Structures are given as C-alpha cells and as structure tokens.
Amino acid sequence: MCHYKVNFKNYSETTSCVAKDCASLEMKCVNNNFSSCNTNVGLWMIIYGILISILNLSHTATYRLFDVAVVDLTTEHNNDFGRQRVWSILGSFCGPPLAGYILHQFAFNGNQKNYSLAFVCSIIFTILSVASIWPVDAPSNKPAKKMWKKSLQFVRKLEVFLFIVLLLVAGSSFGFQAVYVSWYLQEIGASDLVIGVSRGINGLYGLPFLYSSKWWISRVGERKIFVLALLGHAIFCFSFSLMLEPWFSVVIEATSILNYHLFWVAVMQYVTKIAPDGLQATLKVMAGSLHFNIGRLISTMVGGYIMSIFGGRMAFTVKVAVLPGKEVKDLMLLFLE
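Just so it is clear: in the sequence shown, position 157 is 157 by full-length UniProt numbering, and no numbers are missing.
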C-alpha cells in the first residue's frame with residue numbers, strides 16, 4: 001500500500017500556470033503482489049539478517065577449509081596451488097556473467113525484477129559441486145601441543161605482525177570492492193549484464209597468471225607480490241573514482257591479477273613457509289579470516305557510511321588516500337629477509 005500527495009493541474013481548462021489553477025490531489029494505489037506488501041518490515045529485516053548471517057558463516061567456513069585442504073593436497077602430491085585455483089576461477093568466471101544474463105533476459109515479472117531463477121541455478125551448481133568433491137580424501141592436520149602459547153609467541157614476531165597488518169589492509173580494500181562495486185556501477189547506470197561481465201571477467205584475466213603463478217612468485221618473491229597487490233588496489237580505487245562509463249570497469253578489473261590472484265597464492269605459500277609445525281592449518285584459516293572477513297567488516301562499515309553521505313565516487317577516492325599511508329608499513333616486509 002502506498003500513499004502520495006501531489007499537485008495536479010488540468011491543462012485542458014487553463015491557459016496559464018498560476019498557483020490558483022493547481023489543486024491538491026491524493027492518490028492511493030495498492031500492489032497486488034503480496035511479497036511486496038509486508039506490513040511488519042522490522043520482523044522481515046531481522047529474518048533477512050539471520051539468513052544472511054547463516055549464509056556468510058557457511059560461506060566463510062567452506063572457503064577457509066577449502067584453502068587448507070587444497071594447499072595440503074598440492075603439497076602432498078608435489079603440485080602447484082595456483083594451478084589448482086584455475087578450476088575454481090573458471091567457475092567464478094562463468095557464474096557472474098551467467099547470473100547477469102539470466103537477470104537481463106528472464107528475471108522480469110511485470111515491472112518487477114525476480115531473482116528466483118538465479119538462486120535456483122546457484123543451488124543446482126552447489127549440489128553438483130558437493131557431488132564432485134565427496135570422494136576426495138583430504139589429509140588431516142594434527143594440532144600442536146600448547147597451541148595457544150605457540151600461537152601467541154608466533155604472532156609477537158615483527159614479521160608476522162606486519163603480515164597481519166598487510167592482510168587487514170588488503171582485506172579492507174578487497175571487501176570494499178566486493179560489496180560496493182556493483183552498487184556503484186548501478187549508480188552510474190550500468191546494466192545487469194555489464195555488472196555481471198565486470199565481476200566475472202577478473203577470473204579470465206587471472207587464468208594465465210594462476211597457471212604460471214609458481215614461476216611469477218619464484219621470480220618476484222612473495223613479499224614483493226604483497227606490495228604490488230596493494231598498488232593494484234590503489235589503481236583500482238583511483239580508476240573507479242574517475243570512471244564515467246560503466247564499461248571501463250571491465251578493463252579496470254585487470255588489477256585483480258595482482259591484488260587477488262597472485263596475492264592469495266603468495267599468501268598461502270608464505271604461510272606454509274613461516275608457520276611452525278602444528279599451526280599450519282590454523283594460520284591458513286587465520287589469514288583467510290583476516291583478509292576476507294575482518295578486513296571486509298571494517299571496509300563495509302566505513303565504506304557504507306562514506307557512500308551513504310558522500311556517494312560512491314568520494315568513497316573510492318577516500319580509499320585511494322588510505323592505501324598509500326598503510327602501504328609504507330607493508331614495504332618493511334621487503335627488508336625482513
């Protein structure tokens with residue numbers, strides 16, 4: 001149910017527009033679609049929040065445990081973690097454009113957009129994924145004795161502390177992009193198809209670099225990859241702060257080669273090198289949580305406030321200003337060999 005009060009002028013009976021010719025008109029309209037007419041908005045917001053929390057919890061646990069299992073399997077079979085990620089990136093490359101195409105072609109019910117078909121496709125792909133990985137026998141990780149004591153001693157090292165700062169800074173930028181880029185593209189007039197292609201094309205950019213990631217990291221080094229990743233985040237945010245045409249986002253997404261694909265392979269390899277026995281799995285999960293969860297939480301709160309007050313362009317500009325100051329600390333990683 002909606003209620004509007006407007007000023008109405010009958011042009012057929014008047015020849016000039018003056019105040020006395022305008023009369024007040026109250027207009028009432030009723031939406032027959034029950035799903036859009038919920039009166040108890042607060043209750044539905046709480047239900048929505050609970051469902052999103054459960055989704056994020058399961059999503060986070062799945063991703064972090066996958067990282068641990070895949071790194072362990074690649075180490076056990078003397079394989080390359082970057083090449084294994086090629087397959088997951090192929091899936092992520094196909095998903096967003098497919099969702100954008102479905103929404104663009106089939107997701108309209110009258111004047112309203114219906115997302116049900118996209119969610120059904122997501123459920124089907126999830127079931128297929130479960131069926132494919134069910135037979136895999138992943139190695140088990142035995143926890144270290146006095147794990148908390150060893151963890152605290154490990155975190156106190158300057159090298160590890162700077163690594164944690166790096167993960168938080170890079171994670172805040174990554175989370176900001178993951179949450180607000182699509183909204184910003186909609187704000188400047190991008191279609192669902194453009195948004196889907198833009199969010200999926202970064203997988204295509206990363207495929208050749210993931211396949212050859214072992215060579216890149218051995219030549220450049222993990223720590224220099226970290227610094228280049230921060231530079232990639234800065235270029236991404238700066239480009240978005242100036243962008244006027246939504247299609248340019250397809251080109252800007254090439255920065256994901258540094259700030260996501262090579263970066264995360266380097267992070268997993270770096271953790272494998274510096275983590276003591278018994279803490280390997282714990283520190284891999286911690287690295288993922290710092291980057292993809294805590295960093296994202298920080299950027300969501302700060303970025304959401306800036307976008308709501310000043311708009312998306314200013315939010316990306318502020319993000320560019322924050323990155324270089326934090327980057328100085330992370331440059332110290334280069335001198336801790």
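Backbone N, C-alpha and C fix where the C-beta goes; we use that ideal spot for every residue, glycine too. Please read all numbers here as calculations on a predicted model, not as lab measurements.
Put residue i into one of helix, strand or coil per three-state DSSP.
i           : result
Ala190      : coil
residue 338 : Here the chain covers residues 1 to 337 and nothing more, so residue 338 does not appear.
Gly295      : helix
Lys146      : coil
Gly311      : coil
Ser212      : coil
Arg223      : helix
Ala178      : helix
Val169      : helix
Ser140      : coil
Trp183      : helix
Tyr305      : helix
Lys157      : coil
When the distance is taken between beta carbons, is residue j closer than 9 Å to residue i?
i      : j      : result
Thr255 : Ser239 : yes
Lys284 : Asp67  : yes
Leu168 : Val267 : no
Gly95  : Phe125 : yes
Gly82  : Val265 : yes
Phe236 : Ile252 : yes
Ile294 : Gly171 : yes
Val194 : Gly100 : yes
Glu222 : Gln269 : yes
Val179 : Ser299 : yes
Quick check on the burial criterion: 16 or more other C-beta atoms within 10 angstroms. Buried or exposed for residue i?
i      : result
Val71  : buried
Gly91  : exposed
His291 : buried
His261 : buried
Lys319 : buried
Met147 : exposed
Arg156 : exposed
Leu297 : exposed
Phe106 : exposed
Tyr184 : buried
Ile257 : buried
Asp192 : buried
Every unbroken alpha helix (DSSP H) within the region 34-111, with a cutoff of 4 residues, ordered by chain: Qualifying alpha helix (DSSP H) stretches, in chain order: 41-76, 81-106.
Uninterrupted alpha helix (DSSP H) stretches inside the region 243-281 (no shorter than 4 residues): If one requires a minimum length of 4 residues, the alpha helix (DSSP H) runs lying completely within the region 243-281 are 249-252, 263-274, in chain order.
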